[in-house]
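Step one of this worksheet: look at the structure below.
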Amino acid sequence: MADCDLCGVARPTLCPVKVNDRSVFSAYPTGTWRGINEECLERCHEANLNRVPVNGKKCDLCGMKNVQLFQVKVQVPTFEEPYHREVDKAICERCFEACEETIRRREAEKEEGHH
Ligand SMILES: [Zn+2]
Ligand SMILES: [Zn+2]
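93 is the number that my numbering gives to position 93 of the sequence shown; each next residue is one higher, with no gaps.
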């Protein structure tokens, strides 16, 4: 099991999203991977289509500072009714692109599965 980097939900498999994390740039100049679950990937995709700018200190996925951030609402599970709450996350444009890439890659893999 692995925890989603956005909402913290543990899943057997996560969708890998490639980000540029400046804090580890010297070790990983070509980017590092974050894992988010399908729900969050879908929510990032929706947020990318309907961009709502937010003021945040840094991107919740890659940690990039001083960039324009956009709101992504993710559902975090709780132990009380209604068993989840919406939490606002701030994601940068590059991470949106990385999410789109992950979606495209997953769709291509699905296509291959049909042949
Ligand atoms: Zn998640
Ligand atoms: Zn980012």
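Note that beta-carbon positions come from the ideal geometry of N, C-alpha and C, so glycine has one too. As the structure is a computational prediction, the values presented were derived from the model and not from experiment.
heavy atom of ligand 2 below 8 Å from residue i C-beta
i	result
C92	yes
G63	yes
V54	no
C95	yes
C59	yes
N-terminal and C-terminal residue of the alpha helix (DSSP H) that residue i is part of
i	result
A27	Note, A27: premise wrong, no alpha helix (DSSP H); not H, not E.
E112	93-114
Bounding residues of the beta strand (DSSP E) (the contiguous stretch that carries residue i)
i	result
L69	69-77
Near ligand 3: residue i beta-carbon under 8 Å from a heavy atom
i	result
V19	This structure lacks ligand 3; the ligands present are ligand 1 and ligand 2.
C-beta contact flag for residue i and residue j at 9 Å
i	j	result
C92	Q68	yes
A10	G56	no
What residues come near ligand 1, if near means a beta carbon less than 6 Å from any of its heavy atoms?
Cβ-based neighbours of ligand 1 within the cut-off: C4, L6, C7, V9, I36, N37, E39, C40, V74.
Quick check: the stretch 25-45 against the stretch 68-87, are at least 3 beta-carbon pairs closer than 8 Å?
Yes: the two stretches touch, three or more of their Cβ pairs being nearer than 8 Å.
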